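Peer 1: Can you read through this structure? Questions will come right after.
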Amino acid sequence: MARWDGPLNKIDDYRWEIPKNYKPGMRVPGLIYADEKMLEGIRQEQAAEQVANVAFLPGIVGYSLAMPDIHWGYGFPIGGVAATRVEDGVVSPGGVGYDINCGVRLLRTDLHEAEVRAKLERLLTELFVNVPSGVGSTGKIKVGKKEMDDILTGGARWAVRRGYGTEEDLEATEEGGCLKGANPDKVSLKAKERGSPQSGTLGAGNHFLEVEVVEEIFEPDIARSMGIEDIGQVLLLIHTGSRGLGHQVCDDYVRLLRQASQKYNISLPDQELACAPVKSPEGQDYLAGMACAANYAWANRQCIAHWARECFVKVFGKPLPEIGLQMVYDVAHNIAKIESYEVNGKKASLCVHRKGATRAFPPGHPDVPARYKKIGQPVLIPGDMGRRSYLAVGTETAIKESFGSVCHGAGRVKSRHAARRSLTDADVARELASRGILAKAASRGSLSEEASEAYKDIDAVVDVCHKAGLCRKVVKARPIGVVKG
Amino acid sequence: MKEFDIIEHTADIGIKAYGANLKEAFANAAYAMFSLIAGLENVRESVRRQITVEAEDREGLLVSWLNELLYIFDVERTIFKRFEVTELGETSLKAEGYGELLDQSRHTLKGALKAATYHMLKIEENNEYSVRVIFDA
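Protein sequence lines, in the order shown, are assigned to chains S and F. Number 191 in our numbering belongs to position 191 of the first sequence; there are no gaps in the numbering. Number 1125 in our numbering belongs to position 125 of the second sequence; there are no gaps in the numbering.
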């Protein structure tokens, strides 16, 4: 891949600007959050060019943003955030991606490392059996057409109604686990057919279940209000999305919006940025279909969390209240949302695209659940399976600068193919085991693809966000057991 | 003749597929895609499936062709290992796919592909017949 030699003008130690005049057609400048050491890595690929391309979108406000986990995607960069005016701007399915509402969910336990380590192998086996994973995995829930529509409109609420989890889970889920505006009529039959056998499955790729232990607590008071008090306390992290249903919704609408881009005379540097005015019938239909896929993903993570709880109960032989496994939070990191911000001193309704970026609302924000009102919205930032994950909280700076957004993970540096070539699954499993991490994978090559060396250093990525003020670090955790799809 | 090359892409994966003509390049692109999903050596040809795709242009046809196969893989659970593109116009494609129903006890699954994208999509029919596709992996 060609090196990117465009301008990255230093604003301060953590902010680098791509000026608006870099490319004719950019409507706003680009802004990348990174430290000086990361710049060379960013220049090694074309992700920064993609930041500039996103700045072409009609109605984009502020900056075309990229978080420090930025890497080369298709159309939008991964780690990209773009906010467009609802009034006269566009919505782009490529700004959400094929895995609509891919996201993470964190649960806390009252268990400690030693107790879990003693039964870790059995726990992972149990999780592996009870949470269907891998390429082409199908689920345990059989849903008919009517129930599929209930999933698409109800999201995690559907799952809780079905007995998978509690009201408290919903309170600790972005949007209460149910994005408004979902209309199942705007989801193709094909998408529903793909979603039907895959309800309640982890899938493959970088999706995982991770058993973690708390390694460091930066903000004890904030951590305590999330139920995290001790070093060595065990957490469970779930990472998955909307499976084939979401992929089909995105594919259907990229196809439709390619035509709409022509219809509305929108000229774009990359076809994958295909878009339509937010208020157009095409834009509205996409948002209604996307909301369905987002809800499917929340239902998915809700079911998986429920089965994971059953696994813990079985393996540790204790009732759930003694184990814990209460939700800390659940966030979407591939989504477009209509949110309200101040733009040039006036209140404006914006369509915020987060493509590999996490919502990070500050204390007091109306969309932050009551129990977190004082501390801000929990932000979940998983690293790679060999290193660490972070729990942070959103800030006012994020609202002012990044449309309430922050990074979503470590960000890849090595392609999946290169990672597979240089490492075997067995090498990776051995290396992880030598550091006390037990890993199981459903698909061949899935461990090598996800090896630590394929990713940026999560500590550095989160530090940039923390120092730039987009979030505050609360807890750092390290994995001890991983189930990969 | 070489069927395809892999294109390195940080988060995802791409392919460039070749053919003596465009039909063959489209067929080889589908073959490349399934060889990224599974080891095809153990896949038998017990299923024969007709596939028809329509799109607004050639590029749309290429993406729709590959995504149709991913849809069939998800819903009908067929792994394809051989393709014959019988008709390829500007806006429609007809093909036959040969393969087998997924059998986890015999088939080796390698990786998931979410979708074929329009990013860097290229159809070459001047000096050589080839197609380039980046997948969301």
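Heads up, the beta-carbon is just placed ideally off N, CA and C, and yes, glycines get one too. The model shown is predicted, which means the values in this text are computed figures rather than measured ones.
From which residue to which residue does the alpha helix (DSSP H) around LEU1069 (chain F) run?
Peer 2: 1058 to 1076
Peer 1: Quick check on the DSSP output: the beta strand (DSSP E) that includes LEU111 (chain S) runs from which residue to which?
Peer 2: Annotation for LEU111 (chain S): the continuous beta strand (DSSP E) segment containing it runs 103 to 112.
Peer 1: Report all residues from its chain with a CB closer than 6 Å to the CB of ASP384 (chain S); omit the five preceding and five following residues, and keep chain order.
Peer 2: ALA410, SER452, TYR455
Peer 1: Any beta carbon from chain S within less than 8 Å of ASN1042 (chain F)'s own beta carbon?
Peer 2: no
Peer 1: Within the stretch 285 to 336 of chain S, note down every full alpha helix (DSSP H) run reaching 4 residues or more, in order along the chain.
Peer 2: Runs found: 320 to 323.
Peer 1: Between ILE323 (chain S) and PRO362 (chain S), what straight-line distance do the alpha-carbon atoms span, to the nearest angstrom?
Peer 2: 30 Å
Peer 1: Excluding the 5 residues flanking THR1086 (chain F) on each side, which residues of the same chain have their C-beta closer than 7 Å to its C-beta?
Peer 2: LYS1094, ALA1095, GLU1096
Peer 1: I want to verify the contact list: residues of chain F whose CB lies under 7 Å from the CB of GLU45 (chain S), in sequence order.
Peer 2: Within 7 Å Cβ-Cβ: THR1010.
Peer 1: Ordered along the chain, which non-local residues of its own chain (more than five positions away) have a Cβ less than 7 Å from that of GLY1111 (chain F)?
Peer 2: LEU1036, ILE1037, ALA1137
Peer 1: Could you check how far apart the C-beta atoms of PHE1026 (chain F) and TRP1065 (chain F) are, in whole angstroms? I think they sit under 8 Å.
Peer 2: 6 Å
Peer 1: By the 10 Å Cβ neighbour count, where 16 or more other Cβ atoms means buried, how is THR1091 (chain F) classified, buried or exposed?
Peer 2: exposed
Peer 1: At the level of alpha carbons, what is the spacing between PRO93 (chain S) and PHE316 (chain S)?
Peer 2: It is roughly 43 Å from the alpha-carbon of PRO93 (chain S) to the alpha-carbon of PHE316 (chain S).
Peer 1: For the stretch 1041 to 1069 of chain F, list every residue whose C-beta sits within 8 Å of some C-beta in chain S, in sequence order.
Peer 2: ALA1055, GLU1056, GLU1059, GLY1060, VAL1063, SER1064, ASN1067
Peer 1: Take the Cβ of ALA191 (chain S) as the centre, count every other Cβ of all protein chains shown within 10 Å, and call the residue buried at 16 or more, exposed below.
Peer 2: buried
Peer 1: If I measure Cβ to Cβ from TYR253 (chain S) and keep anything under 7 Å in the same chain, skipping five residues before and after, which residues do I get?
Peer 2: PRO93, TYR286, GLY289
Peer 1: Tell whether a beta-carbon distance below 8 Å holds between GLY131 (chain S) and LEU202 (chain S).
Peer 2: Correcting the residue identity first, residue 131 (chain S) is Val in this sequence and not Gly. Going by C-beta atoms, VAL131 (chain S) is nearer than 8 Å to LEU202 (chain S).
Peer 1: Under a CB-based cut-off of 8 Å, is ALA1112 (chain F) close to chain S?
Peer 2: yes
Peer 1: Going along the chain, which residues of the stretch 70 to 92 of chain S sit with their C-beta nearer than 7 Å to a C-beta in chain F?
Peer 2: HIS71, TRP72, GLY73, TYR74, GLY75, ILE78
Peer 1: So the candidates are S:GLY436, S:ASP149, S:ARG255, S:ALA276; which of them puts its Cα closest to the Cα of GLU1056 (chain F)?
Peer 2: S:ARG255
Peer 1: Ignore the nearest five residues each way along the sequence and tell me which others in GLY241 (chain S)'s own chain have a CB closer than 8 Å to its CB.
Peer 2: In chain order, ASP99, ILE100, ASN101, CYS102, GLY103, GLY203, HIS207, ALA297, ASN300, ASN334 place their CB closer than 8 Å to the CB of GLY241 (chain S), counting only its own chain and leaving out the 5 sequence neighbours on each side.
Peer 1: Taking its Cβ as the centre, do 16 or more other Cβ atoms sit within 10 Å of PRO277 (chain S), making it buried, or is it exposed?
Peer 2: buried
Peer 1: Against chain F, with Cβ distances strictly below 8 Å, would ASP384 (chain S) count as a contact?
Peer 2: no
Peer 1: With respect to the beta strand (DSSP E) encompassing TYR1098 (chain F), which residues constitute its N-terminal and C-terminal limits?
Peer 2: 1092 to 1101
Peer 1: What are the start and end residues of the alpha helix (DSSP H) that includes LYS1023 (chain F)?
Peer 2: 1022 to 1037
Peer 1: With DSSP as the reference, label ILE1051 (chain F) as helix, strand or coil.
Peer 2: strand
Peer 1: Does the beta carbon of LYS190 (chain S) sit closer than 8 Å to a beta carbon anywhere in chain F?
Peer 2: Yes, because at least one Cβ of chain F sits closer than 8 Å to the Cβ of LYS190 (chain S).
Peer 1: For a contact defined as C-beta to C-beta under 8 Å, what are the partners of GLN271 (chain S) on chain F?
Peer 2: By Cβ distance, chain F contributes GLU1059, TYR1118, HIS1119, LEU1121.
Peer 1: In chain F, which residues lie with their C-beta within 8 Å of the C-beta of VAL213 (chain S)?
Peer 2: Here the premise fails: no neighbours, minimum Cβ distance about 28 Å.
Peer 1: Which chain F residues sit within Cβ distance under 7 Å of GLN248 (chain S)?
Peer 2: TYR1071
Peer 1: Less than 8 Å between CB atoms is the rule here; does ARG1106 (chain F) satisfy it with respect to chain S?
Peer 2: no
Peer 1: Does ASP270 (chain S) pass the burial test, meaning 16 or more other C-beta atoms within 10 Å, or should it be called exposed?
Peer 2: With 16 or more other Cβ atoms within 10 Å, it is buried.
Peer 1: Identify whether TRP16 (chain S) lies in helix, strand or coil by the three-state DSSP scheme.
Peer 2: Note: TRP16 (chain S) maps to strand in three-state DSSP.
Peer 1: Flag this pair as yes or no: are the beta carbons of CYS292 (chain S) and VAL96 (chain S) separated by less than 8 Å?
Peer 2: no
Peer 1: Below 8 Å on the Cβ atoms is my contact criterion, and I expect PHE1135 (chain F) with THR1108 (chain F) to pass it. Report the Cβ-Cβ distance as a whole number of Å.
Peer 2: Not quite, the Cβ-Cβ distance comes to about 19 Å (not below 8 Å), so this is no contact.
Peer 1: Can you list, in chain order, the residues of its chain with a C-beta nearer than 7 Å to that of TYR22 (chain S)? Leave out the 5 residues immediately preceding and following it.
Peer 2: GLY6, PRO7, ALA52
Peer 1: Which word fits SER422 (chain S), buried or exposed, when buried means at least 16 other C-beta atoms lie within 10 angstroms of its C-beta?
Peer 2: exposed
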